[in-house]
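Right, one structure below, let's go through it.
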Amino acid sequence: MTRRKSIPIKKISILEIFNELTESFDSIINTEFNIVNFGGYFACRFKTNSGNEYDLEFHDSEESPETILNGVKLGDIIKPIKNEVYCLDVAFTLSNVKNKDNQEEFEVETKLNEQHELMGRITYIIKTIVNMDNKCELFIIGGDAQRNRLKMYETMFKNNFKDMFSMFYGKSKWHDGESLFIIRK
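Residue numbers for the sequence shown follow our numbering, so the first one is 50 and each next one is one higher.
In structure tokens form, the structure reads like this:
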């Protein structure tokens with residue numbers, strides 16, 4: 050009996066997958082949502098077709114005008130007020146997370162294969178919130194998120210908000226890793 054040589058399997062990085070799926074993040078799905086106030090922040094709670102419930106959270110925050118984005122100080126792009134730049138820090142999770150202060154529980158991968166529907170629903174909600182809050186010029190998606198998640202948001206913003214926002218990567222004073230800074234034009 051002769052042994053067959055195994056066929057080599059080409060490994061594909063998550064970024065290669067997102068590059069191939071770019072067009073899937075350009076949809077906008079009309080979404081019913083409820084605004085839930087948690088005190089220091091609010092969340093837009095919505096359901097997917099499968100019945101899973103999610104929270105898209107918006108945390109009032111400030112960023113240092115000294116933050117460097119592509120070699121330029123944030124304070125040179127957006128006028129600071131009292132030496133801070135007002136922003137909304139955006140986070141996203143299943144709504145049934147019991148302890149949202151527990152980073153591991155908060156960022157658990159759902160593995161529910163709903164990312165295309167989710168990004169369409171998130172796009173709709175963000176457009177609605179942006180139209181409601183004219184004073185916010187800056188949104189930050191935190192560097193605590195995995196790079197592939199940031200890339201997913203970057204693709205969504207490039208596809209759906211390029212006329213409204215510019216995007217930069219930089220180091221936020223609130224997050225450990227690199228953050229995605231989304232600035233209103």
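All C-beta atoms, glycine included, are put in the ideal place defined by N, C-alpha and C.
Other residues of its chain near residue i: CB distance less than 7 Å, five sequence neighbours each side excluded
i    : result
A92  : V85, D104, L105, E106
F206 : F214, M216, I231
Range of the contiguous alpha helix (DSSP H) that encloses residue i
i    : result
E186 : Run containing E186: none; DSSP gives neither H nor E here.
Bounding residues of the beta strand (DSSP E) (the contiguous stretch that carries residue i)
i    : result
E227 : 227-233
K176 : Per DSSP, K176 belongs to no beta strand (DSSP E); it is in the alpha helix (DSSP H), 164-181.
S215 : 214-220
F141 : 134-143
Buried or exposed (CB count within 10 angstroms, at least 16 for buried), residue i
i    : result
S99  : exposed
V121 : exposed
E112 : buried
Same chain, Cβ closer than 6 Å to residue i, neighbours up to 5 away in sequence not counted
i    : result
H108 : Y90, D138
T97  : E163, E166
Own chain partners of residue i with C-beta closer than 8 Å, once the 5 adjacent residues on each side are dropped
i   : result
I77 : G169, T172, Y173, K176, N209
Discussion item. Report the start-end ranges of each beta strand (DSSP E) in the segment 70-127 that is 3 residues or longer and not cut off at the edges.
Written reply: Runs found: 83-86, 90-96, 102-112.
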